[in-house]
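The structure appears right after this line, and notes come after that.
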Amino acid sequence: MNNKFNYYLKGKKGEYEVVIGLEVHAQILSEAKLFSPSATKFGQEPNSQVSLVDAAMPGMLPVINKFCVEQAIKTGLGLNAKINNFSIFDRKNYFYADLPQGYQISQYKNPIVGEGKVILDMPYGTKEIGIERLHLEQDAGKSLHDQDPNNSFVDLNRSGIALMEIVSKPDLSSPEEVSVYIKKLRSIMRYLNTCDGNMEEGSLRADVNVSVRKKGSKDFGTRCEIKNMNSIKFIQQAIDFEAYRQIELIEDGKAVNQETRLFDNKKQETRSMRSKEDAHDYRYFPDPDLLPLKLDSDFIENIKKKLPELPDQKKQRLINEFKLSSYEAGVIISDKETSAYYENVAKNSDYKLASNWLTVELFAVLNKQNKNISDSPVSSINLAKLINLIKNNTISGKIAKTVFEEMVKTDGDPEKIVIDRGLKQQSDPKELEKIISKILENNGDKVKQYKSGKEKLFGFFVGQAMKETEGKGNPNLINDILKKMLK
Amino acid sequence: MSDITKLSLVDTVNNIKNKSISCEEVTSAYIKRINKSKKLNCYIESDFEQAINKAKSLDNKSDKNKKLFGAPIAVKDLFCTKNLQTTASSKILKGFKPQYESTVTSKLWDQDAILLGKLNCDEFAMGSSNETSFYGNVINPYRNKNDLVPGGSSGGCSSAVAANLTVSTVGTDTGGSIRQPASFTGIVGLKPTYGRCSRWGIVAFASSLDQAGPMTKNVKDASLMLEVISGYDQKDSTSSKKNSENFLNNLSKNIKGTKIGIPKEYVVEGMSKEIQKLWDKGIEICKSLGCEIINVSLPHTKYALPTYYIIAPAEASSNLARYDGVRYGFRSKGNDLIEMYENTRGEGFGREVKRRILIGTYVLSSGYYDAYYLKAQKVRSMIKKDFDDVYKEVDAILTPTAPSSAFAIGEKTSDPISMYLNDVFTVPTNLAGLPGISIPAGYDQNNLPLGLQVIGRHFDEQKILDISYALEDEIKFKASIEDWWINE
Numbered sequence: 000m001n002n003k004f005n006y007y008l009k010g011k012k013g014e015y016e017v018v019i020g021l022e023v024h025a026q027i028l029s030e031a032k033l034f035s036p037s038a039t040k041f042g043q044e045p046n047s048q049v050s051l052v053d054a055a056m057p058g059m060l061p062v063i064n065k066f067c068v069e070q071a072i073k074t075g076l077g078l079n080a081k082i083n084n085f086s087i088f089d090r091k092n093y094f095y096a097d098l099p100q101g102y103q104i105s106q107y108k109n110p111i112v113g114e115g116k117v118i119l120d121m122p123y124g125t126k127e128i129g130i131e132r133l134h135l136e137q138d139a140g141k142s143l144h145d146q147d148p149n150n151s152f153v154d155l156n157r158s159g160i161a162l163m164e165i166v167s168k169p170d171l172s173s174p175e176e177v178s179v180y181i182k183k184l185r186s187i188m189r190y191l192n193t194c195d196g197n198m199e200e201g202s203l204r205a206d207v208n209v210s211v212r213k214k215g216s217k218d219f220g221t222r223c224e225i226k227n228m229n230s231i232k233f234i235q236q237a238i239d240f241e242a243y244r245q246i247e248l249i250e251d252g253k254a255v256n257q258e259t260r261l262f263d264n265k266k267q268e269t270r271s272m273r274s275k276e277d278a279h280d281y282r283y284f285p286d287p288d289l290l291p292l293k294l295d296s297d298f299i300e301n302i303k304k305k306l307p308e309l310p311d312q313k314k315q316r317l318i319n320e321f322k323l324s325s326y327e328a329g330v331i332i333s334d335k336e337t338s339a340y341y342e343n344v345a346k347n348s349d350y351k352l353a354s355n356w357l358t359v360e361l362f363a364v365l366n367k368q369n370k371n372i373s374d375s376p377v378s379s380i381n382l383a384k385l386i387n388l389i390k391n392n393t394i395s396g397k398i399a400k401t402v403f404e405e406m407v408k409t410d411g412d413p414e415k416i417v418i419d420r421g422l423k424q425q426s427d428p429k430e431l432e433k434i435i436s437k438i439l440e441n442n443g444d445k446v447k448q449y450k451s452g453k454e455k456l457f458g459f460f461v462g463q464a465m466k467e468t469e470g471k472g473n474p475n476l477i478n479d480i481l482k483k484m485l486k
Numbered sequence: 000m001s002d003i004t005k006l007s008l009v010d011t012v013n014n015i016k017n018k019s020i021s022c023e024e025v026t027s028a029y030i031k032r033i034n035k036s037k038k039l040n041c042y043i044e045s046d047f048e049q050a051i052n053k054a055k056s057l058d059n060k061s062d063k064n065k066k067l068f069g070a071p072i073a074v075k076d077l078f079c080t081k082n083l084q085t086t087a088s089s090k091i092l093k094g095f096k097p098q099y100e101s102t103v104t105s106k107l108w109d110q111d112a113i114l115l116g117k118l119n120c121d122e123f124a125m126g127s128s129n130e131t132s133f134y135g136n137v138i139n140p141y142r143n144k145n146d147l148v149p150g151g152s153s154g155g156c157s158s159a160v161a162a163n164l165t166v167s168t169v170g171t172d173t174g175g176s177i178r179q180p181a182s183f184t185g186i187v188g189l190k191p192t193y194g195r196c197s198r199w200g201i202v203a204f205a206s207s208l209d210q211a212g213p214m215t216k217n218v219k220d221a222s223l224m225l226e227v228i229s230g231y232d233q234k235d236s237t238s239s240k241k242n243s244e245n246f247l248n249n250l251s252k253n254i255k256g257t258k259i260g261i262p263k264e265y266v267v268e269g270m271s272k273e274i275q276k277l278w279d280k281g282i283e284i285c286k287s288l289g290c291e292i293i294n295v296s297l298p299h300t301k302y303a304l305p306t307y308y309i310i311a312p313a314e315a316s317s318n319l320a321r322y323d324g325v326r327y328g329f330r331s332k333g334n335d336l337i338e339m340y341e342n343t344r345g346e347g348f349g350r351e352v353k354r355r356i357l358i359g360t361y362v363l364s365s366g367y368y369d370a371y372y373l374k375a376q377k378v379r380s381m382i383k384k385d386f387d388d389v390y391k392e393v394d395a396i397l398t399p400t401a402p403s404s405a406f407a408i409g410e411k412t413s414d415p416i417s418m419y420l421n422d423v424f425t426v427p428t429n430l431a432g433l434p435g436i437s438i439p440a441g442y443d444q445n446n447l448p449l450g451l452q453v454i455g456r457h458f459d460e461q462k463i464l465d466i467s468y469a470l471e472d473e474i475k476f477k478a479s480i481e482d483w484w485i486n487e
């Protein structure tokens with residue numbers, strides 16, 4: 000493995016590595032639930048998207064949604080993983096008020112997707128993270144404890160919605176890698192349209208397994224699982240807290256207990272939820288209401304053929320086709336919409352300038368306005384026009400920034416802005432010569448000083464020329480003319 | 000016509016179609032008799048007003064072509080019936096009125112049958128005597144000195160058909176729950192091939208074993224009922240894509256040349272001589288009809304009961320988890336969620352159901368799964384293979400249905416194992432997913448009916464119906480029920 004960077008945590012008695020594995024629960028983008036035809040829209044009236052099956056009425060039976068199976072296969076292919084022709088749905092039995100059946104239909108010993116891998120672009124190079132498996136399962140409903148002083152309420156809208164649980168190998172070694180890993184998974188699924196990756200709405204959640212070991216050790220320490228995290232920031236904080244907590248225990252000569260913990264983001268700490276001894280016995284067994292899922296190879300092949308371009312492929316293409324650096328390409332492809340935006344601008348203008356303008360200027364604006372590229376105040380067509388104005392010397396890069404500011408405010412057409420505001424670059428050499436010779440005449444003393452060796456004054460003359468042209472003078476021409484006339 | 004309720008299903012429907020009786024007359028006759036037969040405790044829910052209204056509207060209908068036109072039918076309380084309380088004879092489903100109709104029962108009503116009500120059964124179909132019902136025992140209309148059980152779990156069904164309280168019915172059979180009570184009450188009971196009938200809308204006991212099937216006065220009625228209720232249902236992933244067949248029209252008494260297997264493992268210890276005699280009589284009749292009798296071996300038969308009593312409770316323990324007091328049915332009080340669960344399930348389930356939930360939970364627990372559940376699944380596949388091997392040689396298998404005739408209420412309740420032994424001849428077919436039918440074949444010395452079972456190949460219900468039809472014709476079994484319970 001290409002691991003040029005190591006993240007070490009300092010204890011009192013030495014340095015430690017942190018070992019992290021993730022179980023990511025990704026909600027499948029699908030109109031209907033995994034085993035019922037109910038709708039799956041977020042934020043609807045409680046219990047308005049519940050079928051007889053979702054409410055586990057007596058005698059109701061699950062029927063697999065073929066589309067969700069396709070989505071899982073697509074995702075598996077996106078993770079370079081083995082698709083299993085034979086998989087089994089099992090029942091995971093436990094009681095909870097928002098689990099109507101008294102069991103969750105999941106996959107246990109025979110998941111639909113087997114081992115795969117995800118490549119992370121880290122500042123210190125690429126790192127491969129192993130995928131253990133991906134399986135299909137149903138989501139539970141939601142218990143609402145804050146609606147009434149004496150009762151808890153249950154909302155079953157989420158009950159039965161299809162999830163993919165993506166289990167990584169314990170290959171992650173820093174909060175930063177975890178962040179990049181989650182973003183990469185999200186990006187792959189968004190390219191594939193299999194999950195919208197919206198963490199605020201809970202369509203992407205993670206259980207984080209953390210353990211620590213002495214620097215250089217090959218053995219694994221005892222791990223703790225931090226459950227149900229839905230923010231990358233909190234996951235990173237929780238890992239750090241948890242790692243230091245474990246280091247402290249070890250250094251105090253105490254044992255780390257294998258247990259499930261919860262992260263309290265207000266107190267910035269993890270707390271024990273239940274220990275291994277109290278762990279549920281889920282009594283998994285194959286669901287007798289469902290036949291094993293048998294996929295023929297043609298079915299999988301057909302999905303493979305229709306697979307869209309994935310982030311890693313797109314990155315390579317941007318490097319080859321547009322001569323972008325690996326870093327630039329990496330930034331652009333990280334998000335599906337961003338890369339589409341980039342390609343639109345690049346194809347219609349200049350791919351190098353497009354990369355600069357997108358990743359520096361536009362990203363700054365989006366950050367400031369807290370917007371996604373899909374809500375960008377500047378359309379890709381207009382940004383391409385702006386770049387073309389620079390390319391054909393109609394405006395200078397500096398003026399372009401002024402035009403860009405105007406575009407951000409109004410999403411105006413840059414060509415029009417340039418004309419309306421008279422920002423067209425002055426590139427007529429005769430005009431510029433006239434202006435410059437006048438400046439030199441008026442500053443005879445400075446010309447003398449320059450000629451006697453004070454070459455720094457060149458900048459002063461450029462400044463004067465720009466001032467005279469109200470910033471519109473073509474800077475390259477001004478330079479050339481000045482050099483010629485000051486000889 | 001004073002004997003309306005004695006007519007078979009086929010005759011009843013024909014009489015209505017040729018206008019010798021009206022739907023209303025038939026339905027009223029049944030309702031009258033049901034009202035006088037409360038002692039048998041067959042019905043636990045009814046909707047006679049709706050039944051009469053439907054009968055009247057059918058009488059006004061010009062198209063009388065549907066297969067069950069005007070037939071008044073009550074069904075086992077395991078079938079969800081729209082707007083009519085469905086409890087599986089359990090307290091925990093008290094007050095539950097489904098907003099949907101099971102696939103099997105909706106096929107009955109689609110053929111213009113009339114719903115009379117819901118029939119008692121063992122709680123969640125767990126039992127062989129109908130003694131585990133929250134609604135109390137059902138009484139077998141064959142009376143000895145003591146009150147007798149009607150068999151189970153479809154005991155309300157068997158008793159109701161035998162006592163002419165429904166023209167025929169549908170029960171469910173997980174380990175013998177149609178065939179054993181049929182045998183105890185002198186009627187015909189057919190468990191179809193697993194997947195032949197949809198399980199959608201039937202309160203689940205053990206999903207990989209449950210199958211709905213007809214319980215009727217004779218083989219022709221069973222054939223008609225089966226052709227109505229069978230067929231693929233996309234709402235049940237385990238239902239077969241096989242189309243229903245014209246079982247009634249295709250019914251034939253000519254079974255000459257049929258190869259019939261007699262499995263030596265079905266001679267069990269403690270089985271009465273009368274049962275052996277009955278079996279021998281069946282064999283002789285088959286011979287006389289030109290069948291070839293072949294002695295066969297189903298070597299893993301002795302493991303069938305223990306295998307069944309691992310797999311069925313395992314599935315049941317999970318299937319019954321949904322009865323938690325949160326969404327429907329009975330709910331007890333509790334200071335928190337766990338206490339509410341404990342009280343609800345503690346008070347809502349009866350002893351036998353709790354026993355099986357405990358067994359099922361145990362055999363699925365980590366550390367025990369491999370030794371029990373997984374082992375049982377392996378044995379199950381060997382039992383299936385036994386049948387596959389035998390069916391290379393024979394077309395069907397003839398056995399007794401149960402090792403005894405109906406026993407007295409309370410006789411076996413303190414000894415669950417001896418109760419479980421009642422299913423010894425019926426359980427293997429459920430484990431193998433095969434069709435099996437019980438037909439009345441004679442009486443024991445106490446004048447109680449005994450049944451013979453014919454087991455067929457997967458989806459070869461026609462063959463076992465034909466054999467049964469031929470046997471029925473030779474045996475000429477006559478029900479000897481005096482209406483001793485009728486309360487005028």
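Those protein sequences? They're chains D and C, same order as listed.
So in numbering that gives the first Met the number 0, spot 395 of the first sequence is number 394, and the numbers just go up one at a time.
So in numbering that gives the first Met the number 0, spot 122 of the second sequence is number 121, and the numbers just go up one at a time.
Note that the Cβ used here is the ideal one computed from N, Cα and C, for glycine as well.
Quiz item: What residue does the beta strand (DSSP E) around serine 167(D) start on, and which one ends it?
Solution: The residue labelled residue 167(D) in the question sits at position 168 within the first sequence. 161-167 is the extent of the beta strand (DSSP E) around serine 167(D).
Quiz item: So who's on the other strand from tyrosine 15(D), going by DSSP bridges?
Solution: For the purposes of this step, residue 15(D) is taken as residue 16 along the first sequence, with counting starting at 1. The secondary-structure analysis by DSSP pairs tyrosine 15(D) across a beta bridge with Leu8(D), Lys213(D).
Practice problem: Leaving aside the five residues before and after asparagine 294(C) along the sequence, list all residues of the same chain whose C-beta is less than 7 Å from its C-beta, in chain order. | Solution: Numbered from 1 along the second sequence, position 295 holds the residue referred to as residue 294(C). Within the same chain, asparagine 294(C) has close Cβ partners Ile261, Lys263.
Quiz item: For tyrosine 12(C), which beta-bridge partners are listed by DSSP?
Solution: Within the second sequence, numbered from 1, the residue matching residue 12(C) stands at position 13. A small fix is needed here, since residue 12(C) is valine in this sequence, not tyrosine. Note: valine 12(C) sits in no beta bridge, so no partner.
Self-check item: Residue burial classification, valine 266(C) (beta-carbon count within 10 angstroms, cutoff 16)
Solution: As a first step, residue 266(C) is located in the second sequence; it is residue number 267 there, counting from the start. With fewer than 16 other Cβ atoms within 10 Å, it is exposed.
Quiz item: From isoleucine 160(D) to serine 86(D), what does the alpha carbon distance come to, in whole angstroms?
Solution: Position 161 of the first sequence, counted from the start, is the residue given in the question as residue 160(D). Position 87 of the first sequence, counted from the start, is the residue given in the question as residue 86(D). Roughly 19 Å between the two C-alpha positions.
Quiz item: What are the residues of the region 87-112 of chain D that lie near chain C, defined by any Cβ-Cβ distance shorter than 7 Å?
Solution: Arg90, Asn92, Phe94, Ala96, Pro99, Gln100, Gly101, Tyr102
Self-check item: Neighbourhood of glycine 281(C) by C-beta distance below 7 Å, restricted to the same chain and skipping five residues each side
Solution: Along the second sequence, read from residue 1 onward, the residue named residue 281(C) stands at position 282. Leu397, Ala440, Leu451, Leu470, listed in sequence order.
Practice problem: Decide if the region 80-99 of chain D is in contact with the region 289-307 of chain D; the criterion is three or more beta carbon pairs, one per stretch, under 8 Å apart. | Solution: With the rule of 3 Cβ pairs closer than 8 Å, the region 80-99 of chain D counts as touching the region 289-307 of chain D.
Self-check item: Near the ligand COA: leucine 107(C) beta-carbon under 7 Å from a heavy atom
Solution: In the structure shown, the ligand COA is absent, as is every other ligand, since no ligand is present at all.
Quiz item: So, is the C-beta of valine 255(D) closer than 8 Å to a C-beta in chain C?
Solution: As a position in the first sequence, residue 255(D) is number 256, starting the count at 1. No - not a single Cβ of chain C is within 8 Å of the one on valine 255(D).
Practice problem: Kindly indicate which residue of Ser101(C), Ser61(C), Phe329(C), Ile72(C) has the alpha-carbon position closest to the one of asparagine 163(C). | Solution: The residue you call residue 163(C) lines up with position 164 of the second sequence. If we check each option's Cα against that of asparagine 163(C), Ile72(C) comes out closest.
Exercise. For chain D, find out if any of its Cβ atoms is closer than 8 Å to the Cβ of methionine 0(C); answer yes or no.
Key: Counting from 1 along the second sequence, the entry for residue 0(C) is found at position 1. Low per-residue confidence applies at methionine 0(C): pLDDT is 46, beneath 50, and the placement is therefore not dependable enough to give any value.
Quiz item: Taking the C-alpha atoms as reference points, what is the distance between arginine 344(C) and arginine 260(D)?
Solution: Walking along the second sequence from the start, residue 344(C) turns up at place 345. Walking along the first sequence from the start, residue 260(D) turns up at place 261. Distance between the alpha carbons of arginine 344(C) and arginine 260(D): 30 Å.
Practice problem: Would you check if there are 3 or more beta carbon pairs closer than 8 Å linking the region 132-147 of chain C to the region 404-416 of chain C? | Solution: The region 132-147 of chain C vs the region 404-416 of chain C: in contact.
Exercise. Find the residues of chain D that neighbour leucine 83(C), judging by a C-beta separation of less than 8 Å, and give them in chain order.
Key: Residue mapping note: residue 83(C) aligns to position 84 of the second sequence, counting from 1. Neighbours of leucine 83(C) on chain D: none; closest Cβ ~13 Å, over 8 Å.
Quiz item: In its own chain, which residues sit with a C-beta less than 6 Å from the C-beta of asparagine 64(D), not counting the 5 before and 5 after it?
Solution: Taking the first residue of the first sequence as 1, we reach residue 64(D) at position 65. Hits under 6 Å: Ala31, Leu33.
Quiz item: Got a sec: is the Cβ-Cβ distance from aspartate 323(C) to anything in chain D below 8 Å?
Solution: Taking the second sequence and counting its residues from 1, the one referred to as residue 323(C) is at position 324. With 8 Å as the cut-off, aspartate 323(C) counts as an interface residue toward chain D.
Quiz item: Given that aspartate 295(D) touches chain C, what residues does it touch there, using C-beta distances under 9 Å?
Solution: Counting from 1 along the first sequence, the entry for residue 295(D) is found at position 296. Within 9 Å Cβ-Cβ: nothing; aspartate 295(D) doesn't reach chain C, min ~17 Å.
Self-check item: Own chain residues within Cβ distance below 6 Å of tyrosine 350(D), not counting five before or after
Solution: Indexing the first sequence from 1 puts residue 350(D) at position 351. Phe321, listed in sequence order.
Quiz item: So, helix, strand or coil for threonine 393(D), using DSSP?
Solution: Numbered from its first residue, the first sequence carries residue 393(D) at position 394. In this structure, threonine 393(D) counts as coil in the three-state DSSP scheme.
Practice problem: Determine the extent of the alpha helix (DSSP H) in which glycine 347(C) is found, giving its start and end residues. | Solution: Counting from 1 along the second sequence, the entry for residue 347(C) is found at position 348. 336-347 is the extent of the alpha helix (DSSP H) around glycine 347(C).
Quiz item: Is the region 322-340 of chain D touching the region 369-381 of chain D, taking contact as three or more C-beta pairs under 8 Å?
Solution: A contact is defined here as three or more CB-CB pairs under 8 Å, and the region 322-340 of chain D meets this definition with respect to the region 369-381 of chain D.
Practice problem: Would you identify the three-state DSSP class for glycine 435(C), choosing helix, strand or coil? | Solution: Within the second sequence, the letter at position 436 stands for residue 435(C). The answer is strand: DSSP assigns glycine 435(C) an E or B state.
Quiz prompt | Extent of the continuous alpha helix (DSSP H) run through aspartate 89(D) | solution = Counting from 1 along the first sequence, the entry for residue 89(D) is found at position 90. That residue, aspartate 89(D), is in no alpha helix (DSSP H); its beta strand (DSSP E) goes 89-92.
Quiz item: What are the partner residues of arginine 204(D), as DSSP defines its beta bridges?
Solution: For the purposes of this step, residue 204(D) is identified with residue 205 of the first sequence, where counting begins at 1. BP columns for arginine 204(D) point to His24(D).
Quiz item: So does the region 4-22 of chain D actually touch the region 207-219 of chain D, counting three or more Cβ pairs closer than 8 Å?
Solution: Touching, per the Cβ criterion.
Quiz item: leucine 78(D) and glycine 42(D) look like a contact to me (Cβ under 8 Å); what is the Cβ gap, rounded to whole Å?
Solution: What you label residue 78(D) is simply residue 79 of the first sequence in a count that begins at 1. What you label residue 42(D) is simply residue 43 of the first sequence in a count that begins at 1. So it is not a contact: roughly 29 Å between Cβ atoms.
Quiz item: Start and end of the beta strand (DSSP E) containing cysteine 223(D)?
Solution: Taking the first sequence and counting its residues from 1, the one referred to as residue 223(D) is at position 224. It spans 223-228 - the beta strand (DSSP E) in which cysteine 223(D) sits, taken as one unbroken run.
Quiz prompt | Where methionine 0(C) falls, given that 16 or more other Cβ within 10 Å makes a residue buried | solution = In the second sequence, counting from the first residue as 1, residue 0(C) sits at position 1. The predicted position of methionine 0(C) is uncertain, since its pLDDT is 46 and thus under 50; a value taken from the coordinates is nonetheless stated next. It is exposed - the Cβ of methionine 0(C) has fewer than 16 other Cβ atoms within 10 Å.
Quiz item: Of the choices Gly324(C), Leu319(C), Tyr371(C), Lys377(C), whose alpha-carbon is the least far from that of isoleucine 356(C)?
Solution: Taking the second sequence and counting its residues from 1, one reaches residue 356(C) at position 357. The residue with the shortest Cα to Cα distance from isoleucine 356(C) is Leu319(C).
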